[in-house]
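Residue numbers (numbering that gives the first Met the number 0), protein chains in the order written: chain A, 0 to 282; chain B, 0 to 282. As structure tokens, the structure follows; a few thoughts come after it.
Number of protein chains: 2
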Amino acid sequence: MRYDVAIIGTGPGGVSAALTLKNRGKNFIIIGSKQSAKVSKAHAILNYPGLPNVSGQELANAFSKHLELAGIEITEDRVSTIYDMGDFFGIQGGNEMYEASAVILATGVVTGKAIPGEDALLGSGVSYCATCDAPLYKGKDVAVIGYSKKEEEEAAFLSEVCANVTYVPMYKEATDLPDKVKVVNVKPSEILKVDDKRVVKSDGEDIVVDCVFVLRDAISPGQLVPGLETDGAHVVVNRDMSTNIAGCFACGDITGLPYQYVKSAGEGNVAALSAVTYLAAKK
Amino acid sequence: MRYDVAIIGTGPGGVSAALTLKNRGKNFIIIGSKQSAKVSKAHAILNYPGLPNVSGQELANAFSKHLELAGIEITEDRVSTIYDMGDFFGIQGGNEMYEASAVILATGVVTGKAIPGEDALLGSGVSYCATCDAPLYKGKDVAVIGYSKKEEEEAAFLSEVCANVTYVPMYKEATDLPDKVKVVNVKPSEILKVDDKRVVKSDGEDIVVDCVFVLRDAISPGQLVPGLETDGAHVVVNRDMSTNIAGCFACGDITGLPYQYVKSAGEGNVAALSAVTYLAAKK
């Protein structure tokens, strides 16, 4: 099945794009987590016009309710790469490959820098997607560097497939993992290739494995869409939210500062309408 | 008194800018009508994220309530011209002149073209501001071309000052005016200067007066701010909502398509934060 549009991300930008595409009668998919953690975890939001003094959870719930009333369902998956196939986009999720004529990137911004060595070894013993690459490391040793508690699910899944799983939590909450998973509280400083092994250097002992899974909420836009023009952690966009790749639009934090909910929502609306215009011109 | 920022307009862009400036502790003024007619008159708005299926009046009321809770009061006035004074802006309202270090234009877009002759005669027998120019036409004859019912107040006010007032409603609702005001239902086609009189040509009889007041909800951005770079009815803006004039920002419909509530609200937020950055750099 080929969708008209695939929206990647479920924060204010993605939700806004989805509502507008729905109004315009487009056949689209919105992929991400059920609620954006960046919204639901906010303490208080004072400047989202029309919803005075909401907590992050209240705003996230208002978005969820709005999607539900509009009959829009979120496809829970994690997109690792989007390929520009010329006439359409191939969207690599953890569970399957999706196809869409246009894409809207609403994945938020990557907070925190890459670990030295991470970029160079990506695809060669460093992976962003446990679901995608677990089969390659059946019976082998892996490490998981998890930037949020929800990555523990991925580590638990890996422990069913791999011989040994070492988990490095990059957050303060207590971990809740199967006994089989070894939790190591260190600060990774570098990832190295030593012979056919990968080594996580840190302020503690070396972690020597076959693959290092680095799991963050969002991956950097240049890694997400090969060929995308970026400026640091951000995608370069025009006023109509188009990027340098025809049919690829972006909205929200990924397009740059300020990181504000209503800015993202406004851009999602514009990205959706620009995608509609793009689809009409393509026919 | 010199404000940090003056926001011109009370639609979603202006309201959003005001809420964000409030959060940032700025000393600002927001000038316009109590509620934006373009919001309150909308039938149904399906894609303002978080407020599902609201009527225009409900959205307008949600904005009003949010402003009230934030302790923000709208200054009801109509701005006719904004002068760039170098270090600050002089803002000509109907009742007084305001001063601000930065301005945010959120006046919406002018719908409908200028009447032929209107632009050429502006300031010479054609006026956009009854309150400003009424004293010049004391005891004289004037015509008012009113684009919305609220302009009837201006015509009534002029009838207290001028000898004869002819009112041309450009809308379908019934008029409700003092007996002294002559209502003429015609379609103006041109405004001419004939000797020292101004003549409104139409599909009916010529209207011969000393001044023609053309009263619309918004005036074109180039007329509002002399020197502003425009593209047709729109202000040219950068991604941070800055214009070609330092300290002058814009948001909402005035910056171009799409004309969408949440797009305007998002841009208002960005314009406000860019104004904050501008003020900080100025010090």
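Note that CB positions come from ideal geometry on N, CA and C, so glycine has one too. In this text, all values refer to a predicted model and were calculated from it rather than measured experimentally.
Cutoff 7 Å; reference residue i; Cβ partners in own chain excluding five residues on either side
{"i": "aspartate 239 of chain A", "result": "Val269, Ser273"}
{"i": "lysine 186 of chain A", "result": "Ser201, Asp202"}
{"i": "serine 35 of chain A", "result": "Thr9, Gly10, Ala59"}
{"i": "glycine 226 of chain B", "result": "Asp83, Ile244"}
{"i": "alanine 154 of chain A", "result": "Val143, Gly145, Val164, Tyr166, Leu176, Val180"}
Partners in chain B for residue i, counting only beta-carbon separations shorter than 9 Å
{"i": "alanine 280 of chain A", "result": "Within chain B, no residue comes near alanine 280 of chain A; the closest Cβ sits about 15 Å away, beyond 9 Å."}
{"i": "histidine 233 of chain A", "result": "Chain B residues near histidine 233 of chain A: none, gap ~11 Å exceeds 9 Å."}
{"i": "arginine 238 of chain A", "result": "Val236, Asn237, Arg238, Thr254, Gly255"}
Element boundaries [alpha helix (DSSP H), containing residue i]
{"i": "alanine 155 of chain A", "result": "151 to 160"}
{"i": "glycine 13 of chain A", "result": "11 to 22"}
{"i": "lysine 37 of chain A", "result": "36 to 39"}
{"i": "proline 220 of chain A", "result": "220 to 223"}
{"i": "glutamate 189 of chain A", "result": "No alpha helix (DSSP H) contains glutamate 189 of chain A, which is instead part of the beta strand (DSSP E) from 187 to 193."}
{"i": "glutamate 117 of chain B", "result": "117 to 120"}
Residue i: contacting residues in chain B (beta-carbon distance under 7 Å)
{"i": "valine 261 of chain A", "result": "Ser15, Ala264, Gly265, Asn268"}
{"i": "alanine 61 of chain A", "result": "Gly49"}
Listed by chain order, chain A residues near residue i by CB distance under 8 Å
{"i": "proline 257 of chain B", "result": "Asn268, Val269, Leu272"}
{"i": "proline 11 of chain B", "result": "Pro48"}
{"i": "leucine 58 of chain B", "result": "Gly49"}
{"i": "leucine 68 of chain B", "result": "Pro51, Asn52"}
{"i": "threonine 19 of chain B", "result": "Asn46, Gln259"}
Exposed unless 16 or more other CB atoms sit within 10 angstroms - verdict on residue i
{"i": "glutamate 72 of chain B", "result": "exposed"}
{"i": "lysine 37 of chain B", "result": "buried"}
{"i": "aspartate 132 of chain A", "result": "buried"}
{"i": "glutamate 159 of chain B", "result": "exposed"}
{"i": "proline 115 of chain B", "result": "exposed"}
{"i": "asparagine 184 of chain B", "result": "exposed"}
{"i": "proline 220 of chain A", "result": "buried"}
{"i": "alanine 142 of chain A", "result": "buried"}
{"i": "valine 193 of chain A", "result": "exposed"}
{"i": "leucine 135 of chain B", "result": "exposed"}
{"i": "alanine 99 of chain A", "result": "buried"}
{"i": "glycine 85 of chain B", "result": "exposed"}
{"i": "arginine 197 of chain B", "result": "buried"}
{"i": "serine 123 of chain B", "result": "exposed"}
{"i": "glycine 24 of chain B", "result": "exposed"}
{"i": "alanine 279 of chain B", "result": "exposed"}
{"i": "aspartate 205 of chain B", "result": "exposed"}
{"i": "glycine 138 of chain B", "result": "exposed"}
Boundaries of the beta strand (DSSP E) in which residue i is found, first to last residue
{"i": "serine 291 of chain A", "result": "No information on residue 291 of chain A is available, as it lies outside the stretch 0 to 282 that chain A covers here."}
{"i": "phenylalanine 62 of chain B", "result": "It is not in any beta strand (DSSP E) - phenylalanine 62 of chain B instead sits in the alpha helix (DSSP H) that spans 55 to 68."}
{"i": "cysteine 210 of chain B", "result": "210 to 214"}
{"i": "glycine 107 of chain A", "result": "Taken as a continuous stretch (DSSP letters only), glycine 107 of chain A belongs to no beta strand (DSSP E), as it is neither H nor E."}
{"i": "cysteine 250 of chain A", "result": "Unbroken run through cysteine 250 of chain A: none, as it is neither H nor E."}
{"i": "alanine 142 of chain B", "result": "140 to 145"}
{"i": "aspartate 3 of chain A", "result": "1 to 7"}
{"i": "aspartate 132 of chain B", "result": "From DSSP, aspartate 132 of chain B is part of no beta strand (DSSP E) but of the alpha helix (DSSP H) over 129 to 132."}
{"i": "proline 294 of chain B", "result": "Shown here, chain B extends from 0 to 282; a query on residue 294 of chain B therefore has no answer."}
{"i": "tyrosine 82 of chain A", "result": "78 to 83"}
{"i": "glycine 31 of chain B", "result": "27 to 31"}
{"i": "isoleucine 71 of chain B", "result": "Looking at the DSSP string, isoleucine 71 of chain B is not in any beta strand (DSSP E), and its letter there is neither H nor E."}
{"i": "phenylalanine 88 of chain B", "result": "88 to 91"}
{"i": "valine 199 of chain B", "result": "196 to 201"}
{"i": "valine 182 of chain A", "result": "180 to 182"}
Beta-carbon proximity list for residue i, same chain, < 6 Å, skipping 5 on both sides
{"i": "cysteine 250 of chain B", "result": "Gly12, Ala105, Met240, Glu266, Gly267, Ala270"}
{"i": "valine 182 of chain B", "result": "Tyr166, Thr174"}
{"i": "serine 39 of chain B", "result": "Gly55, Gln56, Ala59"}
{"i": "cysteine 247 of chain B", "result": "Val102"}
{"i": "methionine 14 of chain B", "result": "For the record, residue 14 of chain B in the displayed sequence is valine; it is not methionine. Once the five neighbours on either side are set aside, the close Cβ partners of valine 14 of chain B are Phe62."}
{"i": "phenylalanine 88 of chain B", "result": "Ile81, Ala99, Val102"}
{"i": "asparagine 94 of chain A", "result": "Asp76"}
Chain-ordered neighbours of residue i on chain B, where CB pairs are closer than 8 Å
{"i": "lysine 290 of chain A", "result": "This structure gives no information on residue 290 of chain A, because the portion of chain A shown stretches from 0 to 282."}
{"i": "threonine 229 of chain A", "result": "None at all; the shortest Cβ gap to chain B is about 15 Å."}
Partner residues on chain A for residue i, Cβ-Cβ distance less than 9 Å
{"i": "asparagine 22 of chain B", "result": "Leu45, Asn46"}
Residues near residue i by beta carbon distance below 8 Å, same chain, minus five either side
{"i": "isoleucine 218 of chain A", "result": "Ser79, Thr106, Val109, Tyr127"}
The segment 194 to 211 of chain A touching the segment 95 to 104 of chain A, judged by at least three CB pairs closer than 8 Å: no
Stretch pair the segment 56 to 67 of chain B + the segment 74 to 92 of chain A: three plus CB contacts closer than 8 Å: no
contact_flag[the segment 246 to 264 of chain B, the segment 42 to 59 of chain B] where n(CB pairs < 8 Å) is 3 or more: yes
Three CB pairs or more closer than 8 Å across the segment 41 to 48 of chain B and the segment 12 to 24 of chain A: yes
Three or more C-beta pairs below 8 Å linking the segment 227 to 236 of chain B and the segment 159 to 176 of chain B: no
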